[in-house]
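Count the sequence shown with UniProt numbering and you get residues 1 to 545, in order.
Some notes on the structure that comes next.
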Amino acid sequence: MAKYIFISGGVMSGIGKGVATASIGRILQSKGFKVTAVKIDPYVNVDAGTMNPIEHGEVFVTDDGVECDQDVGNYERFLDVDLTTDNYITTGRVYQSVINRERNLGYEGRCVEVVPHIPEEVIFRIKKAGRKNKADFVLIEIGGTVGEYQNMLFLEAARMMKLSQPREILFVLVSYLPVPKMIGEMKTKPTQYAVRTLNTAGIQPDIIIARSQFSVDEPRKRKISIFCNVSTEDVISAPDIESIYQIPINFEKDKLGDLILKKFGLKSRKNNLKDWANLVKTIKRAKKPVKIGVVGKYFETGKFTLMDSYISIIEAIKHSCWFHKRKPEIHWLGCEKYEKSLKDIKELKNYDGIIVPGGFGDRGVEGKIKAIEYCRRNKIPFLGLCLGMQLSVIEFARNVCKIKKACSSESSSGCKFPVIDVMPEQKALISERRYGGTMRLGAYKCKIKPGTISFRAYSKNPKEKSIIVSERHRHRYELNNNFRKKLEAKGMIMAGLNPERNLVEIIEIPAHPFFMATQFHPEFKSRPLKPHPLFREFIKACIKK
Ligand code: GLN
Numbered sequence: 001m002a003k004y005i006f007i008s009g010g011v012m013s014g015i016g017k018g019v020a021t022a023s024i025g026r027i028l029q030s031k032g033f034k035v036t037a038v039k040i041d042p043y044v045n046v047d048a049g050t051m052n053p054i055e056h057g058e059v060f061v062t063d064d065g066v067e068c069d070q071d072v073g074n075y076e077r078f079l080d081v082d083l084t085t086d087n088y089i090t091t092g093r094v095y096q097s098v099i100n101r102e103r104n105l106g107y108e109g110r111c112v113e114v115v116p117h118i119p120e121e122v123i124f125r126i127k128k129a130g131r132k133n134k135a136d137f138v139l140i141e142i143g144g145t146v147g148e149y150q151n152m153l154f155l156e157a158a159r160m161m162k163l164s165q166p167r168e169i170l171f172v173l174v175s176y177l178p179v180p181k182m183i184g185e186m187k188t189k190p191t192q193y194a195v196r197t198l199n200t201a202g203i204q205p206d207i208i209i210a211r212s213q214f215s216v217d218e219p220r221k222r223k224i225s226i227f228c229n230v231s232t233e234d235v236i237s238a239p240d241i242e243s244i245y246q247i248p249i250n251f252e253k254d255k256l257g258d259l260i261l262k263k264f265g266l267k268s269r270k271n272n273l274k275d276w277a278n279l280v281k282t283i284k285r286a287k288k289p290v291k292i293g294v295v296g297k298y299f300e301t302g303k304f305t306l307m308d309s310y311i312s313i314i315e316a317i318k319h320s321c322w323f324h325k326r327k328p329e330i331h332w333l334g335c336e337k338y339e340k341s342l343k344d345i346k347e348l349k350n351y352d353g354i355i356v357p358g359g360f361g362d363r364g365v366e367g368k369i370k371a372i373e374y375c376r377r378n379k380i381p382f383l384g385l386c387l388g389m390q391l392s393v394i395e396f397a398r399n400v401c402k403i404k405k406a407c408s409s410e411s412s413s414g415c416k417f418p419v420i421d422v423m424p425e426q427k428a429l430i431s432e433r434r435y436g437g438t439m440r441l442g443a444y445k446c447k448i449k450p451g452t453i454s455f456r457a458y459s460k461n462p463k464e465k466s467i468i469v470s471e472r473h474r475h476r477y478e479l480n481n482n483f484r485k486k487l488e489a490k491g492m493i494m495a496g497l498n499p500e501r502n503l504v505e506i507i508e509i510p511a512h513p514f515f516m517a518t519q520f521h522p523e524f525k526s527r528p529l530k531p532h533p534l535f536r537e538f539i540k541a542c543i544k545k
């Protein structure tokens with residue numbers, strides 16, 4: 001029977017609950033167990049697709065086309081598995097199913113109430129994720145912080161599960177211990193309050209992961225033990241570290257894996273975290289930097305720069321840099337300044353490679369096009385992703401094919417030369433304002449053209465004659481096939497095509513050291529020990545520069 005580990009957060013958000021969950025999973029996997037992870041997002045949005053990335057961070061996309069929280073990406077990267085719709089729960093999704101069932105007389109005339117029907121639906125979904133993934137362990141990360149009104153029903157579901165199957169449930173609290181400068185001491189009180197709040201929900205944590213700037217010492221462990229009702233060995237020290245990939249190794253220093261197994265009365269089946277330990281060694285040894293500039297717009301919030309919107313891209317760059325034994329150095333370049341004046345554009349020369357990532361709407365589009373033009377003309381290795389590909393096509397159409405008014409129907413209404421146009425099925429959806437979960441989402445096939453950089457990148461053996469890959473999508477617009485001949489005549493290569501609908505998925509410009517752009521998002525499929533082939537080749541070209 002599957003075991004369930006609930007992970008909730010105390011004191012404040014942003015302390016790394018997601019990577020803690022993913023790391024626990026990785027450890028249990030290394031001990032020979034099959035693990036899956038479920039993210040619970042307490043907001044009412046049905047999925048993350050309708051949220052601005054500045055607000056919520058990256059929208060991660062699974063193979064089956066769910067627009068979900070970036071933590072699902074962390075789980076995939078740490079566990080090296082492909083997750084699905086079953087691994088993502090939101091308040092919106094839960095209420096939607098309960099209401100639909102009620103409308104269909106699924107409750108057979110009974111009064112449908114928040115408790116127990118909502119937590120019951122949550123439990124049903126958690127168990128389904130375990131069943132579908134044939135998991136020995138299901139990790140359930142409850143988003144938000146304990147004490148918030150929003151996640152109460154999810155804690156209630158966890159409590160109800162514990163009541164009915166006490167031996168199969170474990171609670172982990174990831175909490176934060178501040179070290180205020182003026183005091184100079186690590187404080188445990190906020191964590192004590194967090195545990196008390198959890199206690200009022202009827203839950204006692206079995207393990208406390210103590211996040212802090214520093215390692216948690218013995219006196220502090222004792223204090224947490226006494227006031228939070230756990231033994232000192234159940235307090236796991238989790239200091240700030242340079243790379244998130246170090247976390248499983250750090251947790252194992254406090255023997256977290258065996259501690260969990262012991263609590264369930266299980267023994268490890270094997271012990272193999274070696275590949276992971278080697279990765280961490282590589283990360284620490286890599287000294288020579290590769291300087292990558294990301295030209296985007298979703299990172300400025302007031303006085304702070306937020307990188308969360310591009311998390312999968314960041315990780316994909318890192319995976320490939322480490323593959324080449326280099327140190328990733330990522331710089332954030334706001335695209336709007338290139339729109340106002342071209343004074344700054346020369347700064348792009350200072351980077352080994354430039355990425356233009358995905359995006360929506362018209363803000364910053366012309367600045368990105370300027371950056372792409374600069375990379376193309378000055379032979380700077382370039383990788384465009386989704387919107388990055390669409391804008392590369394516009395740039396090429398304008399400046400090489402001389403279609404001066406080339407544009408995308410997304411950013412210029414009434415555009416006469418839509419080299420990027422809305423997909424036919426999307427027109428109706430947009431006019432009816434049916435935006436949620438209706439883009440071209442998830443995995444589609446892509447046939448790779450022989451003789452291209454893409455073909456070499458994806459090829460697993462030199463004798464391979466035909467390659468079809470599967471990549472993840474999230475878009476409404478596409479390269480307009482009416483302009484394809486004109487683009488090809490001037491040297492743009494359609495290096496990847498979707499065989500079913502003849503859609504262009506990858507473009508390359510051969511008269512350049514590395515100019516590639518994809519309609520799909522390769523970043524979603526990069527894994528720390530298996531970098532994505534296109535990112536790998538891009539970074540290789542950057543190193544050459
Ligand atoms: N806005 C573009 C589209 O919808 C690109 C989307 C993206 O970059 N993910 O087609």
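By construction, the Cβ of each residue, glycine as well, lies at the ideal position given by its N, Cα and C atoms.
Exposure label - residue i; buried when at least 16 CB within 10 Å
i, result
"His331", "exposed"
"residue 546", "The shown model of the chain, from 1 to 545, leaves out residue 546, and the question about it has no answer."
"Lys31", "buried"
"Val122", "buried"
"Cys386", "buried"
"Ser454", "buried"
"Leu139", "buried"
"Thr91", "buried"
"Phe214", "exposed"
"Lys370", "buried"
"Met1", "exposed"
"Val179", "exposed"
"Thr200", "exposed"
"Met439", "buried"
"Met182", "exposed"
Extent of the continuous beta strand (DSSP E) run through residue i
i, result
"Glu76", "Unbroken run through Glu76 is the alpha helix (DSSP H), Gln70 to Leu79; no beta strand (DSSP E)."
"Ser23", "Note, Ser23: premise wrong, no beta strand (DSSP E); alpha helix (DSSP H) at Lys17 to Ser30."
"Val235", "Val235 to Pro239"
"Glu148", "Element bounds for Glu148: n/a, residue is neither H nor E."
"Tyr477", "Tyr477 to Leu479"
"Ala517", "Phe515 to Thr518"
"Gly384", "Phe382 to Leu385"
Residue i - partner residues in DSSP beta bridges
i, result
"Lys445", "Ser470"
"residue 546", "Missing from the structure shown is residue 546; the chain here goes from 1 to 545 and no further."
"Pro418", "Cys407"
"Val504", "Leu497"
"Gly9", "Val174"
"Tyr338", "According to DSSP, which records beta bridges pairwise, Tyr338 is partnered with nothing at all."
"His331", "Gly293"
"Tyr4", "Val138 and Ile169"
"Arg440", "His475"
"Thr36", "Val138"
"Val60", "Strictly speaking, residue 60 in this sequence is Phe, with Val absent from that position. DSSP output for Phe60 lists Cys68 as bridge partner(s)."
Which of helix, strand or coil DSSP assigns to residue i
i, result
"Pro531", "coil"
"Tyr435", "coil"
"Gly353", "strand"
"Phe455", "helix"
"Ala129", "helix"
"Gly106", "coil"
"Lys402", "coil"
"Thr188", "coil"
"Arg269", "coil"
"Met389", "helix"
"Pro119", "helix"
"Ala511", "coil"
"Asp275", "helix"
N- and C-terminal bounds of the alpha helix (DSSP H) containing residue i
i, result
"Glu141", "Careful: Glu141 lies outside any alpha helix (DSSP H), inside the beta strand (DSSP E) at Phe137 to Ile142."
"Met152", "Met152 to Ser164"
"Glu55", "Pro53 to His56"
"Ala371", "Val365 to Arg377"
"Leu83", "No alpha helix (DSSP H) contains Leu83, which DSSP labels as neither H nor E."
"Glu488", "Arg484 to Ala489"
8 Å Cβ cutoff, residue i in contact with chain D
i, result
"Thr62", "Absent here is chain D; the protein component of the structure consists of one chain."
Ordered list of beta strand (DSSP E) runs contained in the segment 281 to 322, each at least 3 residues: 289 to 296
Tell me the start and end of each unbroken beta strand (DSSP E) in the segment 196 to 267 that is at least 3 residues and wholly inside, in chain order. 207 to 212 and 235 to 239
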